[in-house]
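J.: Counting in this note's numbering, the sequence shown runs from 10 upward without gaps.
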Amino acid sequence: MSEANNDWLYEITPKRKLIDLNFKEIWRYRDLLILFVKRNIVTVYKQTILGPLWYFIQPMFTAITFTLVFNNIANIPTGDVPPFLFNLTGITAWNYFSQCLTGTSDTFRANAGIFGKVYFPRVIMPLSNVITNLFKFGIQLLVLLVSYIYVVWSGVEISPNLNLLLLPIYIIMMAMLGLGLGMIISAFTTKYRDLTVLVGFATSLLVYFSAVPYPLSEVENKMPDYAWIVQYNPLTQIIEGFRYMILDTGTFTWFGFTYTLIISISLFLFGLVVFNRTEKNFIDTV
Numbered sequence: 010m011s012e013a014n015n016d017w018l019y020e021i022t023p024k025r026k027l028i029d030l031n032f033k034e035i036w037r038y039r040d041l042l043i044l045f046v047k048r049n050i051v052t053v054y055k056q057t058i059l060g061p062l063w064y065f066i067q068p069m070f071t072a073i074t075f076t077l078v079f080n081n082i083a084n085i086p087t088g089d090v091p092p093f094l095f096n097l098t099g100i101t102a103w104n105y106f107s108q109c110l111t112g113t114s115d116t117f118r119a120n121a122g123i124f125g126k127v128y129f130p131r132v133i134m135p136l137s138n139v140i141t142n143l144f145k146f147g148i149q150l151l152v153l154l155v156s157y158i159y160v161v162w163s164g165v166e167i168s169p170n171l172n173l174l175l176l177p178i179y180i181i182m183m184a185m186l187g188l189g190l191g192m193i194i195s196a197f198t199t200k201y202r203d204l205t206v207l208v209g210f211a212t213s214l215l216v217y218f219s220a221v222p223y224p225l226s227e228v229e230n231k232m233p234d235y236a237w238i239v240q241y242n243p244l245t246q247i248i249e250g251f252r253y254m255i256l257d258t259g260t261f262t263w264f265g266f267t268y269t270l271i272i273s274i275s276l277f278l279f280g281l282v283v284f285n286r287t288e289k290n291f292i293d294t295v
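(1) Which whole-angstrom value is the C-beta distance of Val221 and Ile100, which I expect to be below 8 Å?
(2) Using a threshold of 8 Å, state whether the C-beta atoms of Asn104 and Phe75 are closer than that.
(3) Which same chain residues, not among the five before or five after Ile85, have their C-beta less than 7 Å away from its C-beta?
(4) For the putative contact between Phe117 and Ser195, defined by C-beta atoms under 8 Å, what is the C-beta separation to the nearest angstrom?
(5) What's the call for Glu249, buried or exposed, on a 16-neighbour Cβ count within 10 Å?
(6) Between Leu62 and chain C, is any beta-carbon pair separated by less than 8 Å?
(7) Report the three-state DSSP secondary structure of Glu34 (helix, strand or coil).
(8) Out of Phe146, Asn285 and Arg48, which one is the CA nearest neighbour of Phe197?
(9) What ranges does the alpha helix (DSSP H) occupy inside the segment 220-265, keeping only unbroken runs of at least 4 residues that lie completely in it?
(10) Would you kindly report the start and end of the unbroken alpha helix (DSSP H) that includes Phe197?
(11) Please state whether the Cβ-Cβ distance between Gly191 and Phe279 is less than 8 Å.
(12) Find the nearest neighbour of Gln108 within the set Asn138, Ile133 and Ile123, judged by alpha-carbon distance.
(13) Taking the alpha carbon of Thr245 as the reference point, which residue from Arg48, Lys47, Lys231 and Thr262 has its own alpha carbon closest?
(14) Rounded to whole angstroms, how far is the Cβ of Ala83 from the Cβ of Ile247, which I believe are closer than 8 Å?
(15) Restricting to Cα atoms, I'd like to know which of Ile148, Lys126 and Leu143 is closest to Leu62.
(16) According to the neighbour-count rule (16 or more other Cβ atoms, all chains shown, within 10 Å of its Cβ), is Ser168 buried or exposed?
(17) Would Gly187 and Leu110 be called neighbours here (beta carbons separated by less than 8 Å)?
(18) Report the option in Ile181, Val155, Val46 and Lys126 whose CA atom is closest to the CA atom of Leu271.
(19) Helix, strand or coil: how does DSSP classify Thr87 here?
(20) In whole angstroms, what is the alpha-carbon distance linking Leu281 and Leu136?
(21) On the three-state DSSP scale, how would you describe Ser213?
(22) Give the secondary structure of Val155 by DSSP, where H, G and I count as helix, E and B as strand, and everything else as coil.
(23) Using only CA atoms, which one of Ser275, Ser156 and Thr258 lies nearest to Ala184?
(24) With distances taken from CA atoms, which of Val239, Leu41, Leu256 and Gly122 is nearest Glu166?
(25) Using the beta-carbon count (16 or more within 10 Å), is Asp293 buried or exposed?
(26) With distances taken from CA atoms, which of Phe266, Asn81, Tyr159 and Ile140 is nearest Ile330?
(27) Using only the alpha-carbon positions, how far apart do Glu34 and Val132 sit?
(28) Considering only residues of the same chain and omitting the five flanking positions on each side of Ile50, which have a CB-CB separation below 7 Å?
(29) Considering only C-alpha positions, which residue in the set Asp89, Ser114 and Gln67 is nearest to Leu204?
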């Protein structure tokens with residue numbers, strides 16, 4: 010029996026570490042991870058008229074709506090940057106976070122059938138969502154790049170700055186925030202299913218507390234007593250930093266960047282702890 014045990018790749022046991030992201034085991038299941046990513050990309054717009062064109066249409070129409078409502082009607086200034094490009098830049102960053110959050114927040118309930126039949130590292134499911142959304146984010150970045158080139162070609166003087174080198178870190182922070190919050194919410198939805206509805210409602214409100222449709226400076230000037238609510242939102246720091254490095258406008262501080270990075274890592278680790286504890290017995294309650 011002892012010789013047979015030596016041939017086992019791993020042992021399935023209910024006892025796990027609090028923070029357990031077994032990269033070695035995930036690597037063994039990399040084919041399954043790739044399969045889930047392909048499934049997510051293909052099935053989202055399957056049997057739709059426009060199909061993958063929605064990846065392009067959604068950010069464009071949202072940016073147009075924000076421009077009409079917040080800039081043309083509410084007269085919120087965007088400095089030297091055209092309002093449409095200002096809004097599209099913020100929406101591109103926001104979409105990646107929100108898609109990671111909503112795609113992860115229902116992991117246990119949506120996949121209860123497959124979780125109850127076969128073993129694989131459960132964290133592969135939320136990871137596949139994050140990677141899938143990275144593909145969508147890449148397409149929306151392409152839309153942003155085309156719009157950026159058009160605006161520059163039209164004669165508007167804007168240019169990125171050296172903070173553009175921080176783009177990979179910003180993407181990681183958005184992924185960790187969405188993944189961390191999503192895993193926490195997913196753990197609670199195993200008992201409280203109406204939280205899924207709350208996530209959609211809260212996400213639609215959070216966009217207005219994250220300085221997506223307006224610059225942070227506007228809140229600081231017009232509502233100085235309540236500006237801290239927006240300032241200390243880590244998503245605000247990401248949106249503002251994203252605009253700053255691409256459009257060279259907005260607010261960027263190394264304190265805000267470091268603060269957001271710490272919050273992102275902490276939230277991800279806490280979400281991983283909750284996720285690992287929930288997967289042991291969620292099948293009895295979901």
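Glycine residues also receive a C-beta, built at the ideal position from the N, C-alpha and C atoms.
T.: On the basis of the supplied data:
(1) In the sequence shown, the residue the question calls residue 221 occupies position 212. In the sequence shown, the residue the question calls residue 100 occupies position 91. Going by Cβ atoms, the distance from Val221 to Ile100 rounds to 7 Å, so yes, they are a contact pair.
(2) Position 95 of the sequence shown, counted from the first residue, corresponds to residue 104. Position 66 of the sequence shown, counted from the first residue, corresponds to residue 75. In this structure, the beta-carbon distance from Asn104 to Phe75 does not fall below 8 Å.
(3) Within the sequence shown, the letter at position 76 stands for residue 85. Phe79, Tyr223 and Glu227.
(4) Residue mapping note: residue 117 aligns to position 108 of the sequence shown, counting from 1. Residue mapping note: residue 195 aligns to position 186 of the sequence shown, counting from 1. About 5 Å; that satisfies the 8 Å criterion.
(5) Numbered from its first residue, the sequence shown carries residue 249 at position 240. Buried: at least 16 other Cβ atoms inside 10 Å.
(6) Absent from the structure is chain C; it holds one protein chain and no more.
(7) Mapped onto the sequence shown, residue 34 falls at position 25. If DSSP states are grouped into helix, strand and coil, Glu34 belongs with the helices.
(8) Looking up residue 197 in the sequence shown gives position 188. Nearest C-alpha to Phe197: Asn285.
(9) Taking only runs of at least 4 residues, the alpha helix (DSSP H) segments lying wholly in the segment 220-265 are 225-231, 236-240 and 243-256.
(10) For this step, residue 197 is matched to residue 188 along the sequence shown. Taken as a continuous stretch (DSSP letters only), the alpha helix (DSSP H) holding Phe197 covers Leu176 to Thr198.
(11) Your numbering for residue 191 matches position 182 in the sequence shown. Your numbering for residue 279 matches position 270 in the sequence shown. No, the Cβ-Cβ distance between Gly191 and Phe279 is not below 8 Å.
(12) The count along the sequence shown starts at 1 and reaches residue 108 at position 99. Per the Cα distances, Asn138.
(13) Here residue 245 is taken as the residue at index 236 of the sequence shown, counted from 1. Ranking Arg48, Lys47, Lys231 and Thr262 by CA distance to the CA of Thr245 puts Thr262 first.
(14) Translated into positions along the sequence shown, residue 83 becomes position 74. Translated into positions along the sequence shown, residue 247 becomes position 238. Wrong, their Cβ atoms sit about 23 Å apart, outside the cutoff.
(15) To locate residue 62, count along the sequence shown from 1; it is residue 53. The residue with the shortest Cα to Cα distance from Leu62 is Ile148.
(16) Locating residue 168 in the sequence shown gives position 159, counting from the first residue. It counts as exposed.
(17) Residue 187 sits at position 178 when you count from the first residue of the sequence shown. Residue 110 sits at position 101 when you count from the first residue of the sequence shown. In contact: Gly187 and Leu110 (Cβ atoms closer than 8 Å).
(18) One-based indexing of the sequence shown puts residue 271 at position 262. Rather than Leu, the amino acid found at residue 271 in this sequence is Ile. It is Ile181.
(19) In the sequence shown, counting from the first residue as 1, residue 87 sits at position 78. Coil, per DSSP.
(20) The count along the sequence shown starts at 1 and reaches residue 281 at position 272. The count along the sequence shown starts at 1 and reaches residue 136 at position 127. One C-alpha to the other measures close to 11 Å.
(21) Counting from 1 along the sequence shown, the entry for residue 213 is found at position 204. The answer is helix: DSSP assigns Ser213 an H, G or I state.
(22) For this step, residue 155 is matched to residue 146 along the sequence shown. The three-state reading of DSSP puts Val155 in helix, counting H, G and I together.
(23) On the sequence shown, position 175 is the one that residue 184 refers to. Selected option, being the one with the closest Cα: Ser275.
(24) Your numbering for residue 166 matches position 157 in the sequence shown. Of the listed residues, the one whose Cα sits closest to Glu166 is Leu256.
(25) Within the sequence shown, residue 293 is the residue found at index 284, counting from 1. In this predicted model, Asp293 has a pLDDT of only 48, less than 50, meaning its place in the structure is not dependable; the value taken from the coordinates is given anyway. By the neighbour-count rule (16 or more Cβ atoms within 10 Å), Asp293 is not buried but exposed.
(26) It is not possible to answer for residue 330, since the shown part of the chain is limited to 10 through 295.
(27) The residue labelled residue 34 in the question sits at position 25 within the sequence shown. The residue labelled residue 132 in the question sits at position 123 within the sequence shown. Each residue's alpha carbon lies about 11 Å from the other.
(28) If you number the sequence shown from 1, residue 50 lands on position 41. These residues qualify, in order along the chain: Thr141 and Phe144.
(29) Against the sequence shown, residue 204 aligns to sequence position 195. Taking the Cα of Leu204 as reference, the smallest distance to any Cα among Asp89, Ser114 and Gln67 is reached at Ser114.
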